[in-house]
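Report on the following structure.
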Amino acid sequence: MPELPVPRSLADLLDLEVLDRDLFRGFNVGLDRHRLFGGQVAAQALCAAGLTVPDDRLPHSIHGYFLRRGRPDRAVILHVDRDRDGGSFSARHVRAVQDGEVIFSMLASFAVERPGGEFEALARSDRR
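The sequence shown begins at 67 in the numbering used here and counts up one residue at a time.
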């Protein structure tokens, strides 16, 4: 088996290799030979999803499910399904796969940033 490149920084870790449209490969840090960190896989899945949406969309809602233990000596293949692209929202389903098995699944929604949504906290005397 060929040796996998080892990312040197967080930016390297999240710089996914594009294999095909909606198909990416993520590499591992290699700090722990016994396990693959779940947060790393989740971050790579979110990056993969983000690479498939228009530039004006930001993550709006994310749900992730850890299904199997990942192997640190294997790359993670990220499959992105483009569930929906609307006028201001995009929905993606990402499957992180190793050795043909899904180890992580993410549902992510992206939205165009809109002004507003800020609010002022009510003063304590106003909360009656």
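Where a beta carbon is used, it is the ideal one built from N, C-alpha and C, also for glycine.
Can you tell me the Cα-Cα spacing of R148 and A77, whole angstroms?
If you number the sequence shown from 1, residue 148 lands on position 82. If you number the sequence shown from 1, residue 77 lands on position 11. Those two C-alpha atoms are separated by around 25 Å.
With burial defined as no fewer than 16 other Cβ atoms inside 10 Å of the residue's Cβ, what is the status of S75: buried or exposed?
Locating residue 75 in the sequence shown gives position 9, counting from the first residue. S75 counts as exposed, since fewer than 16 other beta carbons sit within 10 angstroms of its beta carbon.
If I follow the unbroken alpha helix (DSSP H) through V107, where does it start and stop?
As a working mapping, residue 107 is identified with position 41 in the sequence shown. Per DSSP, the unbroken alpha helix (DSSP H) holding V107 starts and ends at 104-116.
Compute the distance between the beta-carbons of G136 and V168, then report whether it is under 8 Å.
Stepping through the sequence shown from its first residue, residue 136 is reached at position 70. Stepping through the sequence shown from its first residue, residue 168 is reached at position 102. Between G136 and V168, the C-beta spacing is not below 8 Å.
Could you tell me whether the Cβ atoms of L82 and C113 are closer together than 8 Å?
One-based indexing of the sequence shown puts residue 82 at position 16. One-based indexing of the sequence shown puts residue 113 at position 47. Yes, the Cβ-Cβ distance between L82 and C113 is below 8 Å.
DSSP has E83 in a bridge; who is on the other side?
By one-based count along the sequence shown, residue 83 stands at place 17. In the DSSP assignment, E83 is bridged to R91.
Which of the three DSSP states is assigned to L76 in this structure?
The count along the sequence shown starts at 1 and reaches residue 76 at position 10. DSSP, reduced to helix, strand and coil, places L76 within a helical segment of the structure shown.
Mapping DSSP to helix, strand and coil, what is P125?
One-based indexing of the sequence shown puts residue 125 at position 59. Looking at P125 - three-state DSSP - the assignment turns out to be strand.
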